[in-house]
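Order-wise, the sequence lines are chains X and L.
When we follow numbering that gives the first Met the number 0, the leftmost residue of the first sequence carries the number 0, and every step to the right adds one.
When we follow numbering that gives the first Met the number 0, the leftmost residue of the second sequence carries the number 0, and every step to the right adds one.
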Amino acid sequence: MLATLLRRLFYALPIMAGVALVCFSLVHIAPGDPLVSILPPDASQDLQAQLRELYGLDRSLVEQFLSWVWRALQGDLGTSIASGRPVAAEVIKAVGNTLRLAAVATLIGFALGCLFGFVAGYFRDSWVDRAASVMSVLGVSVPHYWLGMVLVIVFSAQLMWLPATGAGPGGSGDWAWNWEHVQFMILPAITMSVIPMGIVARTVRALVAETLEQEFVAGLRARGLTHLGVFRHVVKNAAPTALAVMGLQLGYLLGGSILIETVFSWPGTGLLLNSAIFQRDLPLLQGTILVLALFFVVLNLIVDVVQTLLDPRIARA
Amino acid sequence: MELAVPSSAPAPPVPALRSPGFWRSVLDRLARDPVAIGAGLVVLLLLLMAVAGPWIAPNDPYAASMMGRLKPIGSEGYLLGSDELGRDMLSRLIVGTRLSLFMGLTPVVCAFFVGTVIGVTAGYAGGPLNTVIMRTVDVFYAFPSVLLAIALSGALGAGIFNSLLSLTIVFVPPIARVAESVTAQVRGRDFVEAARASGAGAFTIVRVHVLGNVLGPIFVYATSLIAVSMILASGLSFLGLGVRPPEPEWGLMLNTLRTAIYTQPVIAALPGAMIFVTSIAFNMLSDALRSAMDNKR
Numbered sequence: 000m001l002a003t004l005l006r007r008l009f010y011a012l013p014i015m016a017g018v019a020l021v022c023f024s025l026v027h028i029a030p031g032d033p034l035v036s037i038l039p040p041d042a043s044q045d046l047q048a049q050l051r052e053l054y055g056l057d058r059s060l061v062e063q064f065l066s067w068v069w070r071a072l073q074g075d076l077g078t079s080i081a082s083g084r085p086v087a088a089e090v091i092k093a094v095g096n097t098l099r100l101a102a103v104a105t106l107i108g109f110a111l112g113c114l115f116g117f118v119a120g121y122f123r124d125s126w127v128d129r130a131a132s133v134m135s136v137l138g139v140s141v142p143h144y145w146l147g148m149v150l151v152i153v154f155s156a157q158l159m160w161l162p163a164t165g166a167g168p169g170g171s172g173d174w175a176w177n178w179e180h181v182q183f184m185i186l187p188a189i190t191m192s193v194i195p196m197g198i199v200a201r202t203v204r205a206l207v208a209e210t211l212e213q214e215f216v217a218g219l220r221a222r223g224l225t226h227l228g229v230f231r232h233v234v235k236n237a238a239p240t241a242l243a244v245m246g247l248q249l250g251y252l253l254g255g256s257i258l259i260e261t262v263f264s265w266p267g268t269g270l271l272l273n274s275a276i277f278q279r280d281l282p283l284l285q286g287t288i289l290v291l292a293l294f295f296v297v298l299n300l301i302v303d304v305v306q307t308l309l310d311p312r313i314a315r316a
Numbered sequence: 000m001e002l003a004v005p006s007s008a009p010a011p012p013v014p015a016l017r018s019p020g021f022w023r024s025v026l027d028r029l030a031r032d033p034v035a036i037g038a039g040l041v042v043l044l045l046l047l048m049a050v051a052g053p054w055i056a057p058n059d060p061y062a063a064s065m066m067g068r069l070k071p072i073g074s075e076g077y078l079l080g081s082d083e084l085g086r087d088m089l090s091r092l093i094v095g096t097r098l099s100l101f102m103g104l105t106p107v108v109c110a111f112f113v114g115t116v117i118g119v120t121a122g123y124a125g126g127p128l129n130t131v132i133m134r135t136v137d138v139f140y141a142f143p144s145v146l147l148a149i150a151l152s153g154a155l156g157a158g159i160f161n162s163l164l165s166l167t168i169v170f171v172p173p174i175a176r177v178a179e180s181v182t183a184q185v186r187g188r189d190f191v192e193a194a195r196a197s198g199a200g201a202f203t204i205v206r207v208h209v210l211g212n213v214l215g216p217i218f219v220y221a222t223s224l225i226a227v228s229m230i231l232a233s234g235l236s237f238l239g240l241g242v243r244p245p246e247p248e249w250g251l252m253l254n255t256l257r258t259a260i261y262t263q264p265v266i267a268a269l270p271g272a273m274i275f276v277t278s279i280a281f282n283m284l285s286d287a288l289r290s291a292m293d294n295k296r
């Protein structure tokens, strides 16, 4: 078991290095001078050279990459060009907000997706199955930023039940699990949960249908197990894969929240990326993407490991 | 979000003994599938709008009017109302089909070619070349697709070309993975061995014996990416990273109409509904194609 874990970790390290290289390259594929947004148009050669030195832009690319990685390992992601504050602090604050939203959305999506998927797979080819299939196609096809707008139109603009944008009276800073704050989370979380719901429902339906076709289920039925008894076995067989899908979905939501956060002005990484892009704040862009991508790699790793723990057949394969 | 590049795992099996009429039977099965026909008709209609849009649109999609801003649906001369600059919504939606479909389809088409070349090369070559190629692909695969698309186009800057380029880069890795796995399966088959024994070069074997067997599954997988690509491409424009005003494109229209959600909510939601319908149609067509090619059933 330990060997398997170490092997997984060993495979993840080069991926992480590659991810860091891609993030580093982002600044260098960007057209124009990275300093252009802070340099006054009439900046003297002297000032330009000073700033270049300050941001390390006067050294070779290899040197820049290595020192960037070295500092990133120590938790220093550089300084935001637009705000002058450390990138790491800004990203951590935003990641907390995004994580909170994405976790709630994943839980909603997972619960509903499992429910639809189980019912559809259990009563295969019934009307319930067809309805659930339609739901899941709609779920994976909907442009979520549009769904967010539609929810705002219905529940905020028309019915005026819920606030349209923001994250509560405290702004981005202090979150609390009370109605004052939670009401701001409802619409974005529902919007975000639709995609994992569709995907989880599809996966679970296929898993359940596949498991029910296996001989051991016929055996269980022959031994006189009730529906509930058979159901318990099916859940046990489907759980590892379903959980793995859920874990990956959380990662996708973290990385893909930018559109939804823009619609709802939710103060997370998506909104941070948005402002980094439009202020051409490349260190902030680079740092945010690095953190999100590494999060995704680590989450993949955790999912792998947990799946191996839950389902010993995988380790043997 | 897995906005979701569909999982590359369940690649449809390579048809074992393909009768000469394999594609014929696929078409036959599609023609008997009501879902496929319905989705196919919607796609045809969209393509028709994309080709003939400027001629069937009732008004000039660029003609703004200070007096005619945000006219309600069904008002005189504005069948679907007008947008925040007084431009006819119906015309903009119709004419916008061309650019929206172009932005969504092009990355998948480009990624299909690039990904197939990369994946087939890696799968056929095997060994260290395979390792180098596939580990590089894995790095890009390690980014959630939305994040990679936005990161690349954010760094490159707004514009049609940059957003097509970013989306192509996003879709190459999943296609290359599928291509690599089906090619590796085909490579071990007896007929490839026989061709090699009879002295055929690698290029000939790939062209004659491998491509015919792998293109089908890769193509089916690529079609499943179209809906995602449509949503992402419009999403980039929605963020202001893709198409620039005043071009009619659904994602961009959705963005500029956000100011109108309190005054003309239905109009504000219309461009998104077009993206939704398009993406449903492509998803259903792709699902139907997949099951029509699955000759196990």
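Each residue gets a CB set at the ideal place from its N, CA and C atoms; glycine is no exception.
**Report entry** Nearest candidate by alpha-carbon position, reference X/H27, set L/R186, L/I260, L/L155 and L/W249
**Finding:** The count along the first sequence starts at 1 and reaches residue 27 of chain X at position 28. X/H27 has its Cα closest to that of L/L155, out of L/R186, L/I260, L/L155 and L/W249.
**Report entry** 8 Å contact criterion, which X/V86 and X/L76 should meet: CB distance rounded
**Finding:** In the first sequence, residue 86 of chain X corresponds to position 87, counting from 1. In the first sequence, residue 76 of chain X corresponds to position 77, counting from 1. A Cβ-Cβ separation of about 4 Å places X/V86 in contact with X/L76 under the 8 Å criterion.
Report task. Compile a chain-ordered list of the residues in the stretch 142 to 159 of chain X whose CB is closer than 9 Å to at least one CB of chain L. Result -> P142, H143, Y144, W145, L146, M148, V149, V151, I152, V153, S155, A156 and Q157
Requested in this report: Anything in chain X within Cβ reach of L/M65, meaning under 8 Å, just list it in chain order.
Outcome: For the purposes of this step, residue 65 of chain L is identified with residue 66 of the second sequence, where counting begins at 1. By Cβ distance, chain X contributes nothing, its closest Cβ being about 25 Å from L/M65, past 8 Å.
Query raised in the report: Can you find at least 3 beta carbon pairs, one from the stretch 298 to 313 of chain X and one from the stretch 4 to 20 of chain X, that sit closer than 8 Å?
Result: yes
Query raised in the report: If you measure beta-carbon to beta-carbon, which residues of the stretch 143 to 158 of chain L are closer than 7 Å to chain X?
Result: P143, V145, L146, I149, A150, G153, A154, L155 and G156
Requested in this report: With L/I230 as the anchor, note down where its alpha helix (DSSP H) starts and where it stops.
Outcome: Counting from 1 along the second sequence, the entry for residue 230 of chain L is found at position 231. Segment L210 to L238, the alpha helix (DSSP H) holding L/I230.
Query - Contacts around L/A121, its chain only, beta-carbon distance under 6 Å, and the 5 residues preceding and following it disregarded - result: Reading the second sequence from its first residue, position 122 is the one you call residue 121 of chain L. Result list for L/A121: N129, I132, M133 and E179, in chain order.
Query raised in the report: When you compare each of X/P239, X/V136, X/P266 and X/F122 to X/Q194 by their alpha carbons, which one comes out closest?
Result: Counting from one through the first sequence, the residue named residue 194 of chain X turns up at place 195. The amino acid occupying residue 194 of chain X in the given sequence is Ile; Gln does not appear at that position. Cα-wise, what sits closest to X/I194 is X/V136.
Requested in this report: Work out the CA separation of L/F139 and L/F160 for me, nearest whole Å.
Outcome: If you number the second sequence from 1, residue 160 of chain L lands on position 161. If you number the second sequence from 1, residue 139 of chain L lands on position 140. Near 20 Å, if we compare the C-alpha coordinates of L/F139 and L/F160.
**Report entry** Assigned exposure category for L/D87 - 16 Cβ within 10 Å defines buried
**Finding:** The residue given as residue 87 of chain L occupies position 88 in the second sequence. Buried, since its Cβ has 16 or more Cβ neighbours within 10 Å.
Query raised in the report: For L/S74, does the three-state DSSP call read helix, strand or coil?
Result: Working through the second sequence from its first residue, we reach residue 74 of chain L at position 75. Residue state, collapsed to three classes: strand.
Query raised in the report: Counting along the chain, where does the alpha helix (DSSP H) carrying X/A119 start and finish?
Result: Indexing the first sequence from 1 puts residue 119 of chain X at position 120. Where X/A119 is concerned, the enclosing alpha helix (DSSP H) stretches over V86 to Y121.
Query raised in the report: By Cβ distance below 7 Å, which residues in the same chain neighbour X/A188 in space, the five residues on each side in sequence not counted?
Result: The count along the first sequence starts at 1 and reaches residue 188 of chain X at position 189. Taken in chain order, the residues that qualify are L100, V103, A104 and I107.
Query - Same chain only: Cβ atoms within 7 Å of L/A38, ignoring 5 sequence neighbours per side - result: On the second sequence, position 39 is the one that residue 38 of chain L refers to. Here the set comprises A280, M283, L284 and A287.
Requested in this report: Kindly indicate which three-state DSSP category L/D87 falls into: helix, strand or coil?
Outcome: The residue given as residue 87 of chain L occupies position 88 in the second sequence. Reduced to three states, the DSSP call for L/D87 is strand.
Query raised in the report: Exposed or buried, which one is L/Y261 when buried takes at least 16 other CB atoms within 10 Å?
Result: Your numbering for residue 261 of chain L matches position 262 in the second sequence. The residue is exposed, with fewer than 16 neighbouring Cβ atoms inside 10 Å.
Report task. Would you kindly check if the distance between the Cβ of L/W249 and the Cβ of L/G85 is under 7 Å? Result -> Within the second sequence, residue 85 of chain L is the residue found at index 86, counting from 1. Within the second sequence, residue 249 of chain L is the residue found at index 250, counting from 1. Contact: no.
Report task. Give me whichever residues DSSP pairs with X/S135 in a beta bridge. Result -> Position 136 of the first sequence, counted from the first residue, corresponds to residue 135 of chain X. Looking at the DSSP assignment, X/S135 forms no beta bridge with any residue, so it has no partner.
Query raised in the report: Is X/T164 helix, strand or coil by DSSP?
Result: Start at 1 with the first residue of the first sequence, and residue 164 of chain X comes out as number 165. The answer is coil: DSSP assigns X/T164 none of H, G, I, E or B.
Query - Identity of the residue in L/Y77, L/V227 and L/V191 nearest L/L100 by Cα - result: Stepping through the second sequence from its first residue, residue 100 of chain L is reached at position 101. Residue L/V227 is the option with its Cα nearest to L/L100.
Query raised in the report: In chain X, which residues lie less than 7 Å from L/V138 when you measure between Cβ atoms?
Result: Indexing the second sequence from 1 puts residue 138 of chain L at position 139. In chain order, I14, G17, V18 and V21 make up the part of chain X whose C-beta sits under 7 Å from the C-beta of L/V138.
Query raised in the report: According to the Cβ coordinates, are L/R91 and L/P247 closer than 7 Å?
Result: Numbered from its first residue, the second sequence carries residue 91 of chain L at position 92. Numbered from its first residue, the second sequence carries residue 247 of chain L at position 248. A contact, by the Cβ cut-off of 7 Å.
Query raised in the report: Which residues does DSSP pair with X/T78 in a beta bridge?
Result: Position 79 of the first sequence holds residue 78 of chain X. According to DSSP, which records beta bridges pairwise, X/T78 is partnered with X/P85.
Query raised in the report: If you scan the stretch 82 to 151 of chain L from start to end, which runs of the alpha helix (DSSP H) of 4 or more residues do you find wholly inside it?
Result: 88 to 124 and 126 to 140
Query raised in the report: Going along the chain, which residues of the stretch 232 to 244 of chain L sit with their C-beta nearer than 8 Å to a C-beta in chain X?
Result: Under the 8 Å Cβ criterion, the stretch 232 to 244 of chain L contributes S233, G234, F237, L238, G239 and L240.
Requested in this report: For X/R129, count neighbouring C-beta atoms within 10 Å of its own C-beta (all shown protein chains included) and say buried if the count is 16 or more, exposed if not.
Outcome: To locate residue 129 of chain X, count along the first sequence from 1; it is residue 130. Its Cβ having fewer than 16 others within 10 Å, X/R129 is exposed.
Requested in this report: With DSSP collapsed to three states, give me the class of L/F21.
Outcome: Within the second sequence, the letter at position 22 stands for residue 21 of chain L. Looking at L/F21 - three-state DSSP - the assignment turns out to be helix.
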